[in-house]
Structures are given as C-alpha cells and as structure tokens.
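Working notes for the structure below.
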Amino acid sequence: MNRAALGALLSHWRRHLVQLLTLVVGLALATGLWTGVQAINAQARLSYDQAASMLAQDTLPRLEGALTLDDFATARRAGFLVTPVLEGRLPRSTARLLGIDPFTSPPAPGTPDLSEPGDLTAFLTGDLVFVAPDLRVPEGLPETRILPDLAPGLMLADIAAAQAILRTGAISHLLVLPQAGRSPEALADILPGTTVTYPAPDGDIARLTDSFHLNLTAFGLLAFAVGLFIVNAAIGLAFEQRRPLFRTLRALGLSARRLTALLAVELVAFTFVAGTLGILLGYIVAAALLPGVAATVSGLYGSGMAGELSLSPVWWLSGYAMAAAGLALAGGQSLWQLARLPPLAPAMPRAWARARAETLRWQTGLGLALLALAALLATFGEGLIAGFLCLGGLLLGAALLLPPILSLMLDAGTRTARGPVAEWLWADARQQVPGLSLALMALLLALASNIGVGTMVGSFRSTFTGWLDQRLAAELYLTAADEVEADAMLAYLDGRVDAILPIVSAATDLEGAPGEIFGQADHGTFRDNWPLLDAVPEVWDRLADGEGALINEQLARRTGLWAGASADLGAGGERTVLGVYSDYGNPRGQAILGLAMFDATFPDASRLRFALRAAPDDVGPLAEDLVDRFGLPPDRLVDQAGIKAFSLAVFEQTFAVTAALNILTLGVAAFALWASLTTLGTMRVPQVAPVWALGLTRRQLALTDLVRAIILAAFTAALAIPVGIALAWVLLSVVNVQAFGWRLPLLADPGGWLRLSLWALLAAGLAAALPAWRLWRLPPAQLVKVFAHER
Amino acid sequence: MNARVLVCLIWLALPVHAQGFAGLGQGGDGYTLPEPNPDFSFPTDHGAHPDYRIEWWYLTAFLEGEDGQDYGIQWTLFRSALTPEGPQVWMGHFGLTTPDAHFSGERFSRGGVGQAGVSPAPFAAWIDDWQLAGPDFDNLTLQASTPEAAYDLTLSANGPIVFHGEDGFSVKSASGQASYYYSQPFYEVAGTLDLPSGPVEVAGRGWLDREWSSQPLEADQEGWDWFSLHLEDGSRLMAFALRGGSPFYYASWITPDGTLTPYYGDALALEPLEKALVAGRDVPVRWRLRLPAKDVDLEVEAVNPQSWQSTLFPYWEGPVRAEGSHSATGYLEMTGYE
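As you go down the protein sequences, you meet chains A and B in turn.
So that you can map any letter, position 764 of the first sequence is 763 in numbering that gives the first Met the number 0, and since no number is skipped, the others follow by simple counting.
So that you can map any letter, position 76 of the second sequence is 75 in numbering that gives the first Met the number 0, and since no number is skipped, the others follow by simple counting.
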C-alpha cells in the first residue's frame, strides 16, 4: 500500500520535471548561499582564534605603553618573567609582522623550530623569517620559511629583525608570564607610563570583525529567504496540483495520517538531495569568495585569515539542517492543510486563486507593523543586532506590502481600461499577483538590497575619497632607519621643502580600550584640511597650546564624548576633547595631541617618520634626491598617490564580497520569477483557453504575458527604489555606526538605481520569455482539450 | 622557553652530543683561538670575551646547614657567540641539591639588550634577576631562584686566583685543543637557602671556574667527568677526564697558598665504582680518584645520586664527599652520559 501510494505521489514529479528541478535547485540555492557564508565565517573564526593564541597572547596579560627592549631588560632584571612582542603591518603589504624573542617566549602555537644548525643564528640576524602558508611575501625580504602552525597572514621574525623591518626602536608590548608572588601591576610601577591590560574573553580581532561577519550572515540569511520563496512556490503548486490525486488515494482507503507521513517522507528525500547539492554549492561559493573575504579582513582589521577552507562535520550537518528547516517552513503549511483535508474535498485547481481580500488585509497589517518596528529600532535601538533587526523588519515589511500595493495599482489600472481585451488584461494581471507575489517579493528584496548596498558603497566611496584627499595632504611621507639618519635627513631637507611635519605616535589605552595617540605639529596643512566633525572654537590654537586633545569619531561615538567633554587617554592622561575628526578605515580609537604636549608626555616615542610639504613640481626631483642620497628602499619614501592607491585598494576589496553576494541574490530572484512564471504558464491554460477561443491569437497572448511580466517587474522596481534608499540609510546611519563607529552622509545615485531597474526588467523579460514562447508554441489541441475535460 | 627553539643551543653553548657535548668539538673558524703563554689582565678578563665562541662563569659550593645536613649549590652563566660576528646568546643554570632533592632551573637571553651580561669592575654577572655581583671578584653575593627554591649567599675569597694547565692555557686533547681556564677555589660561602620546607642557614666553601675558548674538545670526545675538591688540610684538587675516542686526563693540585701544579695523563686515575639509574641512564655516582704523585687515593661519593640538572642540555652536577687518604668535600660534574 505504502509503495503503491508513494509511487502514485512520486509519479507527479516524473510528469513535472521542471517543477522538480525548480524545487531542488531552489532549495539547493537557498542552502548553498547560507552554508557558503557560514563556511566563510567559520573559517574566519578559526583563523582569529589561531592568531589570538599565537604566543598565548589570548591568555596572558600585557604591559603597554612607549616601550623598548631596554624596558624589557629592566623588567627581566627586576625579576619579572616578560617577553617582548612587536606587531606591525609589513610595508606595502597586508601581511602582519610579529616580532618575538625566542629566548623568553612561552611555549605556544606558532613557535618556530630553530633546531637545525644555523637556524637560530639566521633567525636572530634577520636572515630567516617564518611565514604562514598562504602569505604572499613582498619582495626584498630575507629567506622565508613556511610555518604551518602560523596564523594566516602572519610573518614571524626575531624581535630585533622585526624592528629593522618596521624601522622602529620600539616594541608593542610585553607579555607577562604567570609568576607566583608578582603581579603585572607591580611591573607597571617599575616602568612609569605603562598600563596593564588583560586579554578580553573573546579576542580583540574577533570583536572587531564581529560586525563584518554579522553583515555576511545577514546576506546569507537574505539569500536563504529568497531561495525559500522559490521552494514555497514549487511545493505549494505541487500540493495544489496533486489534490485530485490525494482525493483519489483517500477514497481508495489511504488514511490521512499515512498520506501525510508519505508526503513527509517525500520532503525528507528532497531535503537529502537538495541539501547535498546545496552543501556542494555552498562549498563552491565559499571557496570562490574566501580570498576576497580574507583580503578584506586583513585590509580592514589587519588580521589574517586562511585562504583555504577547512570544514568541520558540524558545518556539513548544519547544511542539511538548514535545508530541512527550509522545506519544513515552505512545505509545513501545505502538509498541515492536507492532514485536515476532508477525504472528498473538492479538488478544484485553485492554486493561483487564493488571493482573497482577507489575505491581502493580513499582509498589509503585518507589513505595516514590521515597518513600524523597523522605524522604532532605527530610532531607539542599541547595538549591531538591533541594527540588523531593523534591516530585517524593513525588508520583510516592504516585501509583505508588495502584493497589496500591486493589487491597488492594478485595480487603478483596471478602472482606466477601455474595451473588453484591456479589461481582461488588467483583470488577468491582478489574478496572477498572488501566484507571482512570492517571486515578486524575492525580486523586491534582491533589488532593494542591491540599491541599498550599492548606495552605501557609493556614498562610502565618495566620502572616503574626499576624506583621503583632506587627510593625506602632504606630498611625501618619509621614514628614517634610525635617529642618526633622521637627523641627517632633516638637515638635508632644511630649506628644500616647505614644511617638515613629524609623525609620532604611541600605543595606549583610550577610555579603556586599546588605541593610539598621535602628536601633530601646528601647521596649515592640518588647519586647512583636517576633517573635523565637531570642535570647540579656535580648536587649532587650543590644540597647539596643549589645552586638550582631538579624538576620532569611533572613540567619540563609542564613549559619547564630544567637544568639551573630558576623556581618559591612558598614558596620555585625562584631556579635554577639543574636537572630533573622521577616521575611516580604522577600527580603533585614536587621539591627537599638540606636538609639544605629545613630546612632553611621550619623550621616548621614536621620531623617524615625517610628512613633507613641497611644491608639486619639486616632489619628483626631491624624491629622487632622497632615494639617491640616503639609499632609501621604496617603502621608506612614499608619495601621496601611493598611499591613496593602497587605501582605496583595501576599500574596494572590502566591498567586493558584498557586491558578489548581491549579484547572487539578484540571480536567485530572477530564477524564482522564472520558476513561478513557468509553473503558472502550465496552470493558466484553462484561463487562457477561453480567451483564445474568443479570437486572440497565441502570439498576442504570449506577447501580453511577456509585457505583463515586465510591467509587474517595473512596478516592483519602482517600489524597490524607496525601500533600497531606506535600506541604505539604515546601513549608513545605524549599522555602520554600530559596526565601524562612523556615520556617513547618504549620497543619491539615480543613475545607478535606474540602471539596476533596467537590469530587473531585463531579468523579468528573460524569465518570462520562455513561458511566453511556450504559450506561443502551445498546440491548439491542448487549448481545445480544456473544453473537453470535465473538471 | 620553548624547548624546540633552543634545542639548537645544544650546538652552541654547553657540553653532550655526537660531536662532543653540545658541539664543543666543532670548528672554531673565524673565532679567536687561545694561544699558549696567556697574558691575563684583571679585572678586564673577568668580563666577557665575545671574540671567543663560548665562555662561562661557573660557581659551585659545598655547604653545610645549621641543621647538620649537606647541601650544594651551582650557578652558571654561559655565553655563546653564534658566529664570530655574533649574535651573542646567554644561558643561566641554577642548581640546588639537598641529600634527598635536587632543584634545577635555567634562563635564556639574547645578547645586546642587557637582559644578561657580565661587567668586570665592579664585577657583576647576571641573567634576569639571577646575579653574581660584588665590588670585586673576591667579594661577591649570589642570588638566584626558581619557583621551588632559591639561594642568597655571600662569597669572600681567602686565597688567590689559580691558573690551570700552563699558566691558564689549558690543553684539552692530545692534538692541542685548548681553552683559557682559571679558578677562584678559595671562597668562604655563607647565607640562606630557601627550600620548600623553609629557609636554612648554610656555610661552606665555593669554587668559581672561568673558562673561555673557541674549540675546546676533540670531535670524538663524548663528555667529561670533572671534580673540584676542598681537602681538610686546605689543599684543593681539580681533576677531569674527557671520555671517548681520544681520552684526556688532567689534574691541578693547589696548595693552601695557591701554588698550582698540573698533572697530565696517567698521573691521574679515575675509576667509577658504582652507578645509579638517573633520569633513565646509568651514571657513576661513586668514584675512586687517585693522584699518586700527591699520595691522593680517595673514594668520592655523591651526597645525592639524583643530582640531575634537568635543563635543556641535561647533565649531572652535585656535591660530593670524599674519604680515603684525605677527607674532602666538593663538587662533581658529569656530562655526556646517554
């Protein structure tokens, strides 16, 4: 009995291969995009943990401040078991350089094996450095050896060698090893100006990158939701089409429970097949996107990430779980109805005629409620999660409102219709809205997120470029190898340039979180160009007089301290906030002191970096002179254009992944539309047949189908634009502030929006083309059969 | 310190491996080599000699506690130049022996940052907070600790420095490998040991070895047995045997006024009498030592047979008592036992 019934049920799929394909592909797409994003996130998490556990840095307290190796020796001679660490970015690369002292570093992952004869010597002399397997090593470095344990994106060198590479005499911090009877705070007393920080429960990097990964997750979820629309449409259709079959089976004595069970078995089988395909697809998506994500993460946050996937069994299982959850969500409703279906319920093909006013009212109410919730969250919400919930509310609310609004628009169209054919066209379009509504919702979501994210990226790009122009006002940036060379350079440059502006900095805690303090000379370069968001009157004079400090937007937003407030700048002391400047691309807090005040506060900070102002025509010859005279390698003399190019490259990389996901979402939406139109095409034959019998040709009918699809897509696109702009606003003013700590102005991009709408129309046209062509080529016999069949 | 990192130091600093203990048998190319007829200059020569491959400041002391028990302490600072041009690396060893326990510790340091070093005047040798220092070489204090044990001792010399071999040029093989080698064997030592059971006041006699070289061992010499003994009549005896394919025997007889007579080859006889299983290997812990020219015939026995320095380069080092022709106390070091 089971076998016969199952055979009967499955025969439906044999006869509706396209429907089967739609269901499987839809579910596989949904699962695939979701699992792909999860794979990327899991990989990133793994890499961060690996990086954090380097040298056991995730467990040991550290001493921070303006430190050198002399301070390290002082601490050791005072009996403190400390080991020095220097961290920095490799010049002209996204790789991170970690300098360690092999004699005092604790046994921990990532420690190199120096037991081969000569290795220790080479390591100590800087002739041997270790790199993570995926690292692209910039030219001009010593012999590199791959160290598999090394966290991705990392290069490991002896601390003295690292100081030489980074051209600094400083170290980043001292790790304090556990020691009975001695507290790290006692060490801070010996080395004035230093502070002790304890490792955060979750690593620095993990916290910084949380927002980025939440972003990816949101996109994955969006793609999953869009995919589910497809599945829902296919399953709903299959259930409706099989109602006569269900009736027959029930009439033959199959119990409702058994029928439901059989259909559940069918769903499980789909879960397995589509889940497997989805996971494979997810793997492909993840593998394709991973290098971009890795580049983003290392560019934006300076943390490495493996460029290769290593997947856990949990990931594979979660793929199936997601497929099952999707099917349950999409098929559950139908299954529920079936279980309660009276055995001989009329088997009318009502598949696409369920557009009752009641449903529309219900959708309208829920949609409006969600939009209201989104507005509330945008106004009063706190935190990144609230930001994303706001996004979700906005998108879902808008999607739910789409069918009622389309119905209203089509109602209005019907009223303007003249003549029976036009009236039928409008009425037929309205009749199709419920059937197409899911696909159109998917299209709306994809379009809106494309417009929103595109607008955000565009706004970000122009703000960022303008900001770079302001911020990088100096023509040349010069780094000296040591104090002696710095003096020689200064002597040489005296009189040859308009101004020499020292760049000095020290790492310290700002309002309790790691950050950096810069010293800034009083010069027109800054007065004229520096982008201030908020400032007290005569801010530059007061900064030069040492009356306070400037802080970056990130710090201001995190702490709520704006001009006039007082901020705890760690080793920099308690200072009045004189102003707040924008500081894009920097996840950490930062502060600026007047140069005199900085020198007094951090007398030991190295003075090896300089910004040079010169007449544009002099820059080329001056750079050549400097290179010749001091034998400078390229990384020590960088012109403005070079830095800008690097910064913009990091920026572009950051949004490349977002763009890729966007395009995938749009593709899925187009597929959903095609799937719906195709199934609709076969369902609509009985409705089309009378019109054909009344004299409209198949060609005319096909053409009207095509036009109608495009019109519906055009309406959807028109609605997607305001939703997308709202989305962009939420991203720029809510999510960005929570995620990165900066707010950006929204810059309209009508050209881009129009272009996207045209793409949507094209996608809709393509999606409708095949069903329309089929209708055109439909044998008249089939149309005639509609009248022959008693239904 | 990660053991893997510094296994390499086996090739550099200390005495146990295929090519002689810790690579001491390797070539000295590019390094300055010891020459006969040395002309020492003090206090400068108490300091470091970075042109030479390896060098050490090696203090041992046999101590008696107020509780009537025997104790021994060892403190060593090793310097090694990885190449003739550097870098220099430093290693410190801590040893504290009681009749039933042995505590060991070690520290490592890069050169050039001040974490470890030696200054000749006023004399100071240090690594981290381990330090042997004083106004001059004759009057020193020593402090060092591990998480389990510590010592704080005062040393004062009541005799002169003595020079081994030919005026401090100490030959180590028939083919002429040699080192510069002098000692201060006349330290009176007093102070406190901090043991897990509590502090113990101790007093006794110490011996500080200074040695530097660039190629001290023959390639086939596997290790050595080294004795330093304070005899009850005030004489001192230092004796060592280099084992392996080219064995080499040497002894210094030091009178109470510091006059040193060197003895080579058959003049010294060393015979292991009893072995103990120490850290998984058989190590002789009772010896017969004979120097017939001075009517010396001693049975030397370890205070604690398990005086094993479980450092990166492990070896045996501990206090000994000797009976026979004389009564003596002192120290025994044994390297290269696999």
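Every residue gets a Cβ at the ideal spot worked out from N, C-alpha and C, and that includes glycine.
Chain B residues whose Cβ lies nearer than 8 Å to that of residue i
{"i": "PHE71 of chain A", "result": "VAL112, GLN114"}
{"i": "LEU123 of chain A", "result": "LEU81, PRO86, VAL88, ARG109"}
{"i": "THR120 of chain A", "result": "LEU81, THR82, PRO86"}
Exposure label - residue i; buried when at least 16 CB within 10 Å
{"i": "VAL267 of chain A", "result": "exposed"}
{"i": "GLU357 of chain B", "result": "Outside the shown range of chain B (0 to 337) lies residue 357 of chain B, about which nothing can therefore be said."}
{"i": "ASP351 of chain B", "result": "Lying outside 0 to 337, the shown extent of chain B, residue 351 of chain B is not represented and no answer is given."}
{"i": "ASN735 of chain A", "result": "buried"}
{"i": "LEU8 of chain A", "result": "buried"}
{"i": "ILE234 of chain A", "result": "buried"}
{"i": "LYS784 of chain A", "result": "exposed"}
{"i": "ASP704 of chain A", "result": "buried"}
{"i": "SER104 of chain A", "result": "buried"}
{"i": "ALA153 of chain A", "result": "Correcting the residue type first, residue 153 of chain A is Leu in the shown sequence and not Ala. Flag for LEU153 of chain A reads buried."}
{"i": "SER317 of chain A", "result": "buried"}
{"i": "TRP335 of chain A", "result": "exposed"}
{"i": "SER793 of chain A", "result": "Residue 793 of chain A lies beyond the range of chain A shown here (0 to 790); nothing can be said about it."}
{"i": "MET347 of chain A", "result": "Only weak support is given to the placement of MET347 of chain A: the predicted model assigns it a pLDDT of 45, under 50, and the value that follows is read from those uncertain coordinates. Exposed, by the Cβ-count rule."}
{"i": "LEU127 of chain A", "result": "buried"}
{"i": "VAL483 of chain A", "result": "exposed"}
{"i": "TYR263 of chain B", "result": "exposed"}
{"i": "ALA65 of chain A", "result": "buried"}
Proximal chain A residues relative to residue i, where beta-carbon distance stays under 8 Å
{"i": "PRO304 of chain B", "result": "Within chain A, no residue comes near PRO304 of chain B; the closest Cβ sits about 30 Å away, beyond 8 Å."}
Partners in chain B for residue i, counting only beta-carbon separations shorter than 7 Å
{"i": "PHE670 of chain A", "result": "Correct list: empty, because the minimum Cβ distance to chain B is about 54 Å."}
{"i": "LEU66 of chain A", "result": "Those do not exist, as LEU66 of chain A stays about 12 Å from chain B at its closest Cβ, beyond 7 Å."}
Chain-ordered neighbours of residue i on chain A, where CB pairs are closer than 9 Å
{"i": "TRP125 of chain B", "result": "ARG76"}
Chain-ordered neighbours of residue i on chain B, where CB pairs are closer than 9 Å
{"i": "THR58 of chain A", "result": "Residues of chain B passing the Cβ test: none, with the nearest at roughly 16 Å."}
Under 7 Å by beta carbon: chain A residues contacting residue i
{"i": "ASP128 of chain B", "result": "ARG76, ALA77, GLY78"}
Check: residue i C-beta below 7 Å from any heavy atom of the ligand ADP
{"i": "THR191 of chain B", "result": "Absent from the structure shown: the ligand ADP. Ligands present: none."}
Cutoff 8 Å: residue i Cβ touching any chain D Cβ
{"i": "ALA613 of chain A", "result": "Annotation note: the requested chain D is absent from the structure, which comprises protein chains A and B."}
inquiry  = Tell me whether the segment 511 to 527 of chain A and the segment 589 to 608 of chain A touch, counting them as touching only if at least three CB pairs, one residue from each stretch, are closer than 8 Å.
reply    = yes
task = Examine the Cβ distances between the segment 102 to 120 of chain B and the segment 232 to 246 of chain B and report whether three or more of them are shorter than 8 Å.
result = no
ask   = When the Cβ atoms of the segment 300 to 311 of chain B are set against those of the segment 92 to 101 of chain B, are three or more pairs found closer than 8 Å?
value = yes
message = Closer than 8 Å is the cut-off here; do at least three beta carbon pairs connect the segment 101 to 121 of chain A with the segment 187 to 199 of chain A?
response = no
message = Suppose only complete runs of 4+ residues qualify. What are the alpha helix (DSSP H) ranges in the segment 444 to 528 of chain A, listed by chain order?
response = 482 to 492, 523 to 528
request  = Would you list, in chain order, the members of the segment 558 to 569 of chain A that have their beta-carbon closer than 7 Å to a beta-carbon of chain B?
outcome  = none
ask   = On the three-pair Cβ rule with 8 Å, is the segment 536 to 544 of chain A touching the segment 494 to 512 of chain A?
value = no
ask   = Do the segment 742 to 761 of chain A and the segment 718 to 726 of chain A make contact, defined as three or more Cβ pairs closer than 8 Å?
value = yes
query = Taking a cut of 9 Å between CB atoms, which residues from the segment 135 to 159 of chain B lie near chain A?
reply = SER144, PRO146
query = Between the segment 94 to 113 of chain A and chain B, which residues of the former have CB atoms less than 9 Å from a CB of the latter, in chain order?
reply = ASP100, PRO101, PHE102, THR103, SER104, PRO105, PRO106, ALA107, THR110, PRO111, ASP112, LEU113
query = Of the residues that make up the segment 179 to 191 of chain A, which ones have a beta carbon closer than 8 Å to any beta carbon in chain B?
reply = ALA179
ask   = Counting Cβ pairs, one atom from each stretch, are 3 or more of them under 8 Å apart for the segment 113 to 122 of chain B and the segment 166 to 186 of chain B?
value = no
Any alpha helix (DSSP H) of 4 or more consecutive residues that is wholly inside the segment 106 to 161 of chain B = none
task = Taking only beta carbons into account, state which residues of the segment 372 to 404 of chain A come closer than 9 Å to chain B, listed in chain order.
result = none
inquiry  = Quick test of the definition: if touching needs 3 or more C-beta pairs under 8 Å, does the segment 702 to 716 of chain A touch the segment 433 to 442 of chain A?
reply    = yes
inquiry  = Extract the residue ranges of the alpha helix (DSSP H) inside the segment 31 to 88 of chain B, only unbroken runs of 4 or more that lie entirely within it.
reply    = none
message = Below 8 Å, how does it come out for the segment 182 to 192 of chain B and the segment 62 to 80 of chain B: are there three or more Cβ pairs, yes or no?
response = yes
ask   = Using 8 Å as the threshold, is the segment 674 to 689 of chain A in touch with the segment 401 to 413 of chain A, meaning 3 or more CB pairs across them?
value = no
inquiry  = Check whether the segment 278 to 292 of chain A and the segment 19 to 37 of chain A are in contact - that is, three or more C-beta pairs closer than 8 Å.
reply    = yes
query = Would the segment 419 to 434 of chain A and the segment 383 to 392 of chain A be scored as touching if the rule is three or more Cβ pairs under 8 Å?
reply = no
query = Considering only residues of the segment 589 to 638 of chain A, which uninterrupted alpha helix (DSSP H) runs meet the minimum length of 4 residues and lie entirely inside it, listed in chain order?
reply = 594 to 600, 615 to 629
key: Contained alpha helix (DSSP H) runs [length at least 4] in the segment 8 to 79 of chain A, N- to C-terminal order   = 16 to 52, 68 to 76
message = Measuring CB atoms only, is the segment 608 to 617 of chain A touching the segment 459 to 478 of chain A, in the sense that at least three cross pairs come out at less than 8 Å?
response = yes
query = Counting only runs that start and end within the segment 173 to 256 of chain B, where is the beta strand (DSSP E) found for 3 or more residues in a row?
reply = 177 to 194, 197 to 212, 220 to 230, 235 to 243, 247 to 253
query = So, do the segment 154 to 167 of chain B and the segment 243 to 254 of chain B have three or more beta carbon pairs nearer to each other than 8 Å?
reply = yes
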